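Participant:
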Amino acid sequence: MEKKNNDSENINFSVRTDLAIEATELIISESEAKNKENQEENTENQDLDGIEISEENINENIKLTKVRITNKNGEKSTGKPIGNYITIESPSMKENDTFTHEEIIKVLSENIADLAKLKKMSLILVVGLGNRYVTPDALGPLVISKILVTRHITDSLPEEIDDAVRGVSAISPGVMGITGIETGEIIKGICESIHPDLIIAVDALAARKTERINSTIQMSDTGISPGSGVGNRRMALNKETLGIPVIAIGVPTVVDAATLINDTMDKVLNEMSLKAKKGGEFYKMLQTLDKEEKYNLIYEILTPCDGNMFVTPKEVDAVVKRLANIISNGINIALHPAISKEDINRYFN
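Everything in the sequence shown is counted per my numbering, starting at 1 for the first residue and increasing by one.
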């Protein structure tokens with residue numbers, strides 16, 4: 001994850017999250033606060049124009065949420081392109097819970113297949129974004145190491161299994177700090193050479209809530225901007241730039257330090273307001289700050305140390321490997337539905 005230096009005097013308030021579910025939660029909470037302040041009840045939520053949300057509890061451990069951005073208004077309010085966003089949440093995702101992992105893989109593969117709408121002879125390119133040498137950013141490369149690639153052997157497969165296998169290629173292009181080449185330029189060159197029908201891009205993301213770190217998988221059919229989770233804007237990988245559909249799959253592995261402290265401050269202020277009838281002057285001052293002022297205050301305090309700091313759990317090494325196994329199996333089963341997970345895993349350690 002490459003760092004981008006920002007001028008603290010020109011900070012635009014934006015809670016950093018790659019998750020559409022969190023963007024919509026912010027809109028809903030802000031709208032409810034606005035209605036409460038205006039003492040309005042049963043008022044139609046104009047802020048949700050262009051946003052459709054549905055939720056389903058698969059079981060007691062797995063929740064599936066679908067967010068659909070339908071127009072420019074929804075795109076503007078969420079900061080997410082028009083399209084479909086599917087989120088799988090499970091606290092057991094980061095644990096060594098084999099049974100729940102099997103269920104997550106099943107849900108993941110089904111939703112990848114729904115987004116992909118693949119034909120029998122489709123050629124798919126799976127791209128693992130990120131830096132394999134930085135653990136929180138190594139999800140993409142780790143997934144690529146477990147993808148069943150078949151493009152080089154499809155012509156020589158026997159007829160009895162030919163129908164069970166699609167042509168799949170995979171690559172982990174690295175980051176520009178190592179290669180000196182834009183990831184988008186590398187992928188575009190490959191597309192011009194092998195002409196895939198679909199790209200599946202896997203990357204580490206950033207969340208605003210710590211409980212979603214390493215316990216959430218997001219899929220979308222809108223593509224992805226490599227490095228956007230840590231503030232690095234690179235060439236987007238989407239249908240507009242590459243000419244073919246791009247499905248993005250990601251897991252939030254980090255949270256922005258300023259956002260984390262901002263949320264912690266909110267909790268402290270809430271506790272103070274419950275336990276004290278009258279706070280001190282500093283407390284009263286903090287209560288008068290709006291979200292932008294408070295975020296900028298925290299950012300400026302952090303800047304002498306590192307204003308662009310991200311936080312990840314200490315057990316991220318083991319967790320990222322588990323997540324890579326879940327996502328790679330989900331992709332493999334979605335692309336080769338007639339082959340079982342056990343058959344696929346025979347080829348990997």
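The C-beta atom is built at its ideal place from N, Cα and C for all residues, glycine as well. Owing to the predicted nature of the structure, the values given are computational and were not obtained by experimental measurement.
Starting from Pro-141, follow the beta strand (DSSP E) in both directions and report where the run begins and ends.
Facilitator: Taking the sequence shown and counting its residues from 1, the one referred to as residue 141 is at position 141. Not the beta strand (DSSP E): Pro-141 falls in the alpha helix (DSSP H), residues 139–144.
Participant: In the DSSP assignment, find the beta strand (DSSP E) that holds Val-67 and state where it starts and stops.
Facilitator: Taking the sequence shown and counting its residues from 1, the one referred to as residue 67 is at position 67. Note, Val-67: beta strand (DSSP E), 63–69.
Participant: What does Ser-54 pair with, by DSSP beta-bridge criteria?
Facilitator: The count along the sequence shown starts at 1 and reaches residue 54 at position 54. Partner(s): Lys-66.
Participant: Report the rounded CA-to-CA distance for Ala-116 versus Ile-69, giving the unit in angstroms.
Facilitator: Here residue 116 refers to the residue found at position 116 of the sequence shown. Here residue 69 refers to the residue found at position 69 of the sequence shown. About 18 Å.
Participant: Can you give, in chain order, each stretch of the alpha helix (DSSP H) that sits fully within the region 96–155 and has at least 4 residues?
Facilitator: 98–116, 139–144
Participant: Taking the alpha carbon of Ala-318 as the reference point, which residue from Ile-58, Asp-97, Glu-182 has its own alpha carbon closest?
Facilitator: As a first step, residue 318 is located in the sequence shown; it is residue number 318 there, counting from the start. The shortest Cα separation from Ala-318 among Ile-58, Asp-97, Glu-182 belongs to Asp-97.
Participant: Just to check my reading of the structure: Thr-87 and Leu-19 have Cβ atoms closer than 8 Å, yes? What is that Cβ distance to the nearest angstrom?
Facilitator: Here residue 87 refers to the residue found at position 87 of the sequence shown. Here residue 19 refers to the residue found at position 19 of the sequence shown. The Cβ separation is near 7 Å, so the contact holds.
Participant: State yes or no: is the C-beta of Val-143 within less than 9 Å of the C-beta of Val-126?
Facilitator: The residue you call residue 143 lines up with position 143 of the sequence shown. The residue you call residue 126 lines up with position 126 of the sequence shown. Yes, the Cβ-Cβ distance between Val-143 and Val-126 is below 9 Å.
Participant: Quick check: the Cα distance between Asn-61 and Gly-180, rounded to an integer number of angstroms?
Facilitator: Along the sequence shown, one-based indexing puts residue 61 at 61. Along the sequence shown, one-based indexing puts residue 180 at 180. In a straight line, the C-alpha of Asn-61 is about 43 Å away from that of Gly-180.
Participant: What does Ala-207 pair with, by DSSP beta-bridge criteria?
Facilitator: Here residue 207 corresponds to residue number 207 of the sequence shown, with the count starting at 1. Bridge partners of Ala-207: Val-255.
Participant: Kindly identify the DSSP beta-bridge partner or partners of Ile-86.
Facilitator: For this step, residue 86 is matched to residue 86 along the sequence shown. DSSP, once it has assigned bridges, lists Lys-66, Met-219 as partnering Ile-86.
Participant: Do you know how far the Cα of Glu-182 is from the Cα of Pro-252?
Facilitator: Stepping through the sequence shown from its first residue, residue 252 is reached at position 252. Stepping through the sequence shown from its first residue, residue 182 is reached at position 182. So the two alpha carbons sit approximately 22 Å from each other.
Participant: Alpha carbons only, please: which of Gly-167, Arg-132, Arg-212, Arg-151 is nearest the one belonging to Pro-173?
Facilitator: For the purposes of this step, residue 173 is identified with residue 173 of the sequence shown, where counting begins at 1. When only C-alpha atoms are compared, the closest one is Arg-132.
Participant: For Lys-146, which of Gly-330, Asn-262, Asn-214 has the nearest alpha-carbon?
Facilitator: By 1-based counting over the sequence shown, the position of residue 146 is 146. Out of Gly-330, Asn-262, Asn-214, Gly-330 has the C-alpha closest to the C-alpha of Lys-146.
Participant: May I ask you to list the residues that DSSP assigns as paired with Ala-248?
Facilitator: To locate residue 248, count along the sequence shown from 1; it is residue 248. Beta-bridge partners assigned by DSSP to Ala-248: Ala-201, Ser-220.
Participant: Give me, in chain order, the residues of the same chain whose beta-carbon lies closer than 6 Å to that of Ile-82; leave out the 5 immediate sequence neighbours on both sides.
Facilitator: To locate residue 82, count along the sequence shown from 1; it is residue 82. Only Ile-69, Glu-75 meet the Cβ criterion.
Participant: Hey, quick one: how far does the alpha helix (DSSP H) through Gly-177 stretch, first residue to last?
Facilitator: Locating residue 177 in the sequence shown gives position 177, where the first residue counts as 1. Counting along the chain, the alpha helix (DSSP H) containing Gly-177 begins and ends at 176–179.
Participant: In the DSSP assignment, what are the bridge partners of Ser-169?
Facilitator: For this step, residue 169 is matched to residue 169 along the sequence shown. According to DSSP, Ser-169 bridges with Leu-125.
Participant: Quick check: the Cα distance between Ala-338 and Glu-89, rounded to an integer number of angstroms?
Facilitator: Along the sequence shown, read from residue 1 onward, the residue named residue 338 stands at position 338. Along the sequence shown, read from residue 1 onward, the residue named residue 89 stands at position 89. Distance between the alpha carbons of Ala-338 and Glu-89: 27 Å.
Participant: Just verifying my parser: in three-state terms, what is the DSSP assignment at Leu-237?
Facilitator: Counted from its first residue, the sequence shown places residue 237 at position 237. Strand at Leu-237.
Participant: For a quick check, are the C-beta atoms of Ile-224 and Val-246 less than 9 Å apart?
Facilitator: If you number the sequence shown from 1, residue 224 lands on position 224. If you number the sequence shown from 1, residue 246 lands on position 246. Contact flag set, yes.
Participant: What is the residue span of the alpha helix (DSSP H) that Ile-187 lies within?
Facilitator: Here residue 187 refers to the residue found at position 187 when the sequence shown is read from its first residue. Segment 183–194, the alpha helix (DSSP H) holding Ile-187.
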